[in-house]
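Numbering (full-length UniProt numbering), first residue to last: 1 to 210. Backbone N, C-alpha and C fix where the C-beta goes; we use that ideal spot for every residue, glycine too.
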């Protein structure tokens, strides 16, 4: 199973949600590969920032690296979880999305991509099982989201005191709700302390039931 996590704007906890989902996928479903297109996953998972090549380098137009080379770029987080960090800030030339899509479609790994607010290439969307949009019940977020790619489902980060409800979010975006996760300071503390990996089941397990 493969999933892209994305959002319409920053500040919606997309990377934290994608990282936690990846940890749980590794625990529950076996080998999982998290591809970081944004550059924040190492900090969220308490990993050292890599100074070497990453996914953006692999995607470079003139690169000829294959699937094995992609895996060799990965950082092992747990027995079943590997992260391919962003590497270079930008991709050199035309990105090799078609080649990456082919690898994902044939991979034995559960592949999860943190795309943040970035561009979603058609080649990836065509082979990805689910595109999940992470949002808060915020007017500005939903306004921007209506102009974005239509997701397969939505994860709502529930904040207290919002006028909009979870049902409002689903209605506006015309997509089902996959999970409702409370905006909890315990999650922020776990990320700040570099403990998200060890606390993912407690903090996110009840909300990710698959």
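Contact check for residue 173 and residue 145: beta-carbon distance about 6 angstroms, within the 8 angstroms limit, so the pair qualifies.
If you keep only unbroken alpha helix (DSSP H) runs of at least 4 residues inside the region 64 to 151, you get 67 to 72, 97 to 106, 122 to 127 and 139 to 145. If you draw a straight line from the Cα of residue 61 to the Cα of residue 51, it comes to about 21 angstroms.
Under the three-state reduction of DSSP output, residue 37 falls in the coil class, being neither helix nor strand.
A Cβ-Cβ separation of about 6 angstroms places residue 83 in contact with residue 77 under the 8 angstroms criterion. Rounded to whole angstroms, the separation of the alpha carbons of residue 136 and residue 110 is 26 angstroms. For residue 14, the uninterrupted alpha helix (DSSP H) segment begins and ends at 14 to 29. Your pair residue 1 and residue 115 does not check out as a contact, with CB atoms roughly 16 angstroms apart and the cut at 8 angstroms.
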